[in-house]
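Asks: Anchor point for the sequence shown: position 408 equals 408 in the UniProt record's numbering, and the numbering is continuous, going up by one each time.
This is the structure I want to talk about, given as structure tokens.
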Amino acid sequence: MKTFCGRANPTTGALEWVEESEEYDYHQEIARSCYADMLHDRDRNEKYYEGIRAAVSRVKARGERVVVLDIGTGTGLLSMMAVTAGADYCYAIEVFKPMAQAATCIVERNGFSDKIKVINKHSTEVTVGPDGDMQERANILVTELFDTELIGEGALPSYEHAHMHLVQAGCEAVPHRATIYAQLVESDMLWKWSQLQPIDVDGNKLLPPPAVVKCAGAPSVCDIQLSQVPPESFTPLGPICTMFSVDFSKPVSSTAQSYMAQFKAKTNGRAQVVLSWWDIDMDPDGNIVCTMAPSWNYSDPRTYPWRDHWMQSVYFLPAEENVSEGEELNLVVSHDDYSLWYSLTQSELNDVKVAKFRPCCTCQAHLVWTRPRFGELNDEQRTESYVNALRSILKPDSVCLSVSDGSLLPIFAHLLGSKKVFSLENSGMARQVIEQVLHANSLKHGVQLLGIRPEQLSLADLEGNQISVLMGEPYFSTSLLPWHSLFFWYCRTAVAQLLHPNATILPRAATLFIVAVEFQDLWRIRAPCGTCEGFDVSPMDEMIQQSLDYRESWEAEPHPLWEYPCRALTKPRPVLTFDFTQCVPDQPVNSDGTVPFTRRGRCHGVALWMEYQLTEDITVSSGLTKPVSEEGACEWNPHRKQGVFFFRSTRETSGDGREDLTYNLTFQPHTGDIKMDFTITEP
């Protein structure tokens, strides 16, 4: 059965009705999943296998029949490990239907159908008894229900239910326990992702609204590859603290709780951010440990096991606090059944029994601006580029129209002396945030915010003025891929009749760049697995490829490449330029050619990004922020996601000019899409 789905096109802004099959959401989930990354996580797999073997041995030593319950089985890998280790029977629970079907296929292909029963249900719906899903309660509980925050996928309620209804008292558990660690730090770099800082605009200090300064911020965790945050960008104010542990072999409670760690401040500073991660012990003695600690916490960072399905967490305190060296500090972590949050208290209590309230945004800014967006607004170098560009084009009689979501550009234009400044803010929440900024700086009437779409704009809305300066960053909250910001071009086309004949457009153009890259680790999320710990999991590879082929096999996907180191194997190449001084053309725009490989390496794919030409001599990049080094190292804009086109199969390149990257890209004006094809060829 097919159904019509309404979607807003992020590039054109049009509402499109498309016919989708009922399997579309399944294919989306599978195509963009981290299943391959988990199967490539050798450290995780080996530790689980070792822990399962040890648990099976302990149960057998007691003379008991080994019955395993595997919640969230995925591919069935852990169940197959258990049977291979000597388990008599396994119940493998998987709620996601396509995944359960893949697990059934994998179990059958590996010859375990008589020992493993795949149950396509949520674990809380599983029944036990002669007519139930399980004939008996299990005496080994194996799970992989964790996310970067440990409990974000509902691990606590699932364990709680399993102990009450599905496993025997005193069961073995793999993993046996989990431990949360945290470190209080000062970090201007990370704090700028949470709070708007004062901004210097041509000698004027633009202050953040008091409501934003006092706001506790977004409640959700910020999960990142903390290994890519250099240690010199933060100052530890205390030791790495053990916050709490959960013993999964005993009944687990999902009730909200709090725990406290006490320590003395190591130095003077501002308490702003908590860095957090967890370990899981696969055995009761803690001899088999899988840790999520960042690479800089290893004595030898080269031994760090990279993974993307589990990263590290950054938590922002509700407010920064000054601390003094030697001061007694109390770091409190609280959790409900799905999330964690941290606070700093002056309490002398050694037992925190009541969980503090979960911080949430009250100023709306943290709902309008994402954390990378906060970082972008606080980027002094970027602000300077826009201010210098505006200063060079604005005149005392300038009538400006800004088209970007939640942008400060119109305020910059007013402070730089424009006659009139209008800003299109179709989101009511974004308008309220910008109004707060205007009010906090006594600029209430400096910018007129218009809550309409570009095609609805009229001369009356502009008080009879023609637009002399049309500006945008451009930034839109609906943009995922770099070229989605071409929505600015479509807005420029929609208001073309309202532009003064000599109007200035800022940015005047955008250019799409490409570079062939070798990823240090990111390639794992798309690489087929084939076999994992000796088990054939190729049906999983086939399922992922089928979902990619459904629609997305030859499309780029967004990734924040500052978190994923790579080497450039070619020189960056501009491939498509979009002239914003002209309207969007009616006909497709094509670009094809070749780029020689100049470095030896294994090419995993192509990185794509946009650069915006603000004026003749000022350009800002959403991709590379510095020239590629001699060795090919790349530095990426940390506030925008870049596009990545992964090759289905990788290839070694010699770097001596024998291979070329051949590209063919076509911009489709009617859909806003960029169709792309890349191949590696020999001349």
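Each residue gets a CB set at the ideal place from its N, CA and C atoms; glycine is no exception.
Sort T653, E616 and V575 by Cα distance to H604 and report the nearest one.
Replies: Working through the sequence shown from its first residue, we reach residue 604 at position 604. For H604, the nearest C-alpha among the options comes from T653.
Asks: How many angstroms separate the CA atom of H500 from the CA atom of A365?
Replies: Here the question's residue 500 lines up with position 500 in the sequence shown. Here the question's residue 365 lines up with position 365 in the sequence shown. Whole-angstrom Cα-Cα distance: 34 Å.
Asks: So what does DSSP say about W341, is it helix, strand or coil?
Replies: Within the sequence shown, numbered from 1, the residue matching residue 341 stands at position 341. Three-state result, W341: strand.
Asks: Measure the CB-CB distance between E659 and F597 and report whether it falls below 8 Å.
Replies: What you label residue 659 is simply residue 659 of the sequence shown in a count that begins at 1. What you label residue 597 is simply residue 597 of the sequence shown in a count that begins at 1. Yes; because the gap between Cβ atoms is below 8 Å, this pair is in contact.
Asks: Hey, how far is the Cα of S313 from the Cα of K264?
Replies: As a first step, residue 313 is located in the sequence shown; it is residue number 313 there, counting from the start. As a first step, residue 264 is located in the sequence shown; it is residue number 264 there, counting from the start. Rounded to the nearest whole angstrom, the C-alpha separation of S313 and K264 is 23 Å.
Asks: Got a sec? Which residues, its chain only, sit under 7 Å from L237 by beta carbon, not counting five neighbours each side?
Replies: Here residue 237 refers to the residue found at position 237 of the sequence shown. Closer than 7 Å at the Cβ level, and outside the excluded window around L237, lie L184, V185, E186, A265, K266, T267, G269, A271 and V323.
Asks: The beta strand (DSSP E) that contains N45, what's its start and end?
Replies: Numbered from its first residue, the sequence shown carries residue 45 at position 45. Segment R42 to A61 is the alpha helix (DSSP H) holding N45; no beta strand (DSSP E) there.
Asks: May I ask you to report which of helix, strand or coil DSSP gives S295?
Replies: To locate residue 295, count along the sequence shown from 1; it is residue 295. If DSSP states are grouped into helix, strand and coil, S295 belongs with the helices.
Asks: By the DSSP assignment, the alpha helix (DSSP H) with N204 in it spans what residues?
Replies: Position 204 of the sequence shown, counting from 1, holds the residue named residue 204. From DSSP, N204 is part of no alpha helix (DSSP H) but of the beta strand (DSSP E) over N204 to L206.
Asks: Report yes or no: do three or more beta-carbon pairs, one from the stretch 54-71 and one from the stretch 84-92, lie closer than 8 Å?
Replies: Pairwise C-beta distances place the stretch 54-71 in contact with the stretch 84-92, as three or more of them are shorter than 8 Å.
Asks: Using only alpha-carbon positions, find the residue among K205, C241 and T681 that is nearest to T179.
Replies: Numbered from 1 along the sequence shown, position 179 holds the residue referred to as residue 179. The candidate whose alpha carbon is nearest that of T179 is C241.
Asks: Here's the rule I'm using: 16 or more other beta-carbon atoms within 10 Å means buried, otherwise exposed. How should I224 be labelled?
Replies: Within the sequence shown, numbered from 1, the residue matching residue 224 stands at position 224. Classification for I224: buried.
Asks: I'd like to know if the stretch 138-147 and the stretch 164-175 are in contact, where contact means that at least 3 CB-CB pairs between them fall below 8 Å.
Replies: yes
Asks: Within a Cβ cutoff of 8 Å, which residues of the same chain sit near T577, ignoring the five residues on either side of it in sequence?
Replies: Here residue 577 refers to the residue found at position 577 of the sequence shown. Closer than 8 Å at the Cβ level, and outside the excluded window around T577, lie A509, A510, T511 and L512.
Asks: What's the gap between the Cα of G623 and the Cα of I505?
Replies: Numbered from 1 along the sequence shown, position 623 holds the residue referred to as residue 623. Numbered from 1 along the sequence shown, position 505 holds the residue referred to as residue 505. Straight-line Cα distance between these residues: approximately 22 Å.
Asks: Quick one: residues in its chain with C-beta nearer than 7 Å to the C-beta of F112, no 5 flanking neighbours on either side, listed in chain order?
Replies: Locating residue 112 in the sequence shown gives position 112, where the first residue counts as 1. Cβ neighbours of F112 beyond the five flanking positions: M80 and V83.
Asks: Alpha carbon to alpha carbon, what distance is there between N9 and D673?
Replies: Looking up residue 673 in the sequence shown gives position 673. Looking up residue 9 in the sequence shown gives position 9. Rounded to whole angstroms, D673 to N9 spans 9 Å at the Cα level.
Asks: Scan the stretch 607-646 and note each continuous beta strand (DSSP E) run of 3 residues or more that stays entirely inside, going in chain order.
Replies: Along the length of the stretch 607-646, whole beta strand (DSSP E) runs at least 3 residues long occupy 619-621, reported in chain order.
Asks: A288: which of P638, Y49, V620 and K192 sits nearest, CA to CA?
Replies: Mapped onto the sequence shown, residue 288 falls at position 288. The amino acid occupying residue 288 in the given sequence is Ile; Ala does not appear at that position. Ranking the options by Cα distance to I288, first place goes to Y49.
Asks: Would you list, in sequence order, the uninterrupted alpha helix (DSSP H) runs of no fewer than 4 residues that lie entirely inside the stretch 267-295?
Replies: none
Asks: In the DSSP output, what is K420 paired with across the bridge?
Replies: One-based indexing of the sequence shown puts residue 420 at position 420. Checking the DSSP bridge columns, you'll see K420 partnered with V399.
Asks: If I measure Cβ to Cβ from I393 and keep anything under 8 Å in the same chain, skipping five residues before and after, which residues do I get?
Replies: Indexing the sequence shown from 1 puts residue 393 at position 393. Excluding sequence positions up to five before and after I393, its CB lies within less than 8 Å of the CB of V469, T504, L506 and T615, all in the same chain and listed in chain order.
Asks: Please report the distance separating the alpha-carbon of E552 from that of N664.
Replies: As a position in the sequence shown, residue 552 is number 552, starting the count at 1. As a position in the sequence shown, residue 664 is number 664, starting the count at 1. Confidence at E552 is low in this model, with a pLDDT of 49, below 50, so the placement of that residue should be treated as unreliable; the coordinate-derived value is given next. Rounded to the nearest angstrom, the two C-alpha atoms are 17 Å apart.
Asks: Three or more C-beta pairs under 8 Å: does that hold for the stretch 273-287 against the stretch 299-319?
Replies: yes
Asks: For my contact list, L331 and A261 are in at a C-beta cut-off of 8 Å; report their separation, rounded to the angstrom.
Replies: Counting from 1 along the sequence shown, the entry for residue 331 is found at position 331. Counting from 1 along the sequence shown, the entry for residue 261 is found at position 261. About 5 Å; that satisfies the 8 Å criterion.
Asks: Quick one: Cα of E557 to Cα of P396, how far?
Replies: Here residue 557 refers to the residue found at position 557 of the sequence shown. Here residue 396 refers to the residue found at position 396 of the sequence shown. So the two alpha carbons sit approximately 43 Å from each other.
Asks: Name, in chain order, the residues that DSSP records as bridge partners for P558.
Replies: Residue mapping note: residue 558 aligns to position 558 of the sequence shown, counting from 1. Looking at the DSSP assignment, P558 forms a beta bridge with G643.
Asks: Among S334, E125, I93 and G375, whose alpha-carbon lies nearest the alpha-carbon of I116?
Replies: Sequence index remark: in the sequence shown, residue 116 carries index 116 (1-based). Between I116 and the set S334, E125, I93 and G375, the nearest pair of CA atoms involves I93.
Asks: Which runs of the alpha helix (DSSP H) at least 4 residues long sit entirely within the stretch 491-554? Give them in chain order.
Replies: 538-547
Asks: Got a sec? Which residues, its chain only, sit under 8 Å from V128 by beta carbon, not counting five neighbours each side?
Replies: Against the sequence shown, residue 128 aligns to sequence position 128. Here the set comprises M134, Q135, E136, R137, H165 and L166.
Asks: Helix, strand or coil for H604? Go by DSSP, reduced to three states.
Replies: Here residue 604 corresponds to residue number 604 of the sequence shown, with the count starting at 1. Strand.
Asks: Considering only their Cβ atoms, is the gap separating S339 from G152 smaller than 8 Å?
Replies: Within the sequence shown, numbered from 1, the residue matching residue 152 stands at position 152. Within the sequence shown, numbered from 1, the residue matching residue 339 stands at position 339. Taking 8 Å as the Cβ cut-off, G152 and S339 qualify as a contacting pair.
Asks: Comparing C-alpha positions only, which one of M282, R524 and A216 sits nearest to L191?
Replies: Position 191 of the sequence shown, counted from the first residue, corresponds to residue 191. It is Trp, not Leu, that sits at residue 191 in the sequence shown. Nearest C-alpha to W191: A216.
Asks: Check for me: the beta strand (DSSP E) holding T662 runs from which residue to which?
Replies: The residue given as residue 662 occupies position 662 in the sequence shown. Run containing T662: D660 to Q668, per the beta strand (DSSP E) assignment.
Asks: Helix, strand or coil for D300? Go by DSSP, reduced to three states.
Replies: If you number the sequence shown from 1, residue 300 lands on position 300. Reduced to three states, the DSSP call for D300 is coil.
Asks: Pick from V628, E631 and S591: whose alpha carbon is nearest that of F678?
Replies: Locating residue 678 in the sequence shown gives position 678, where the first residue counts as 1. Comparing Cα positions, the closest option is S591.
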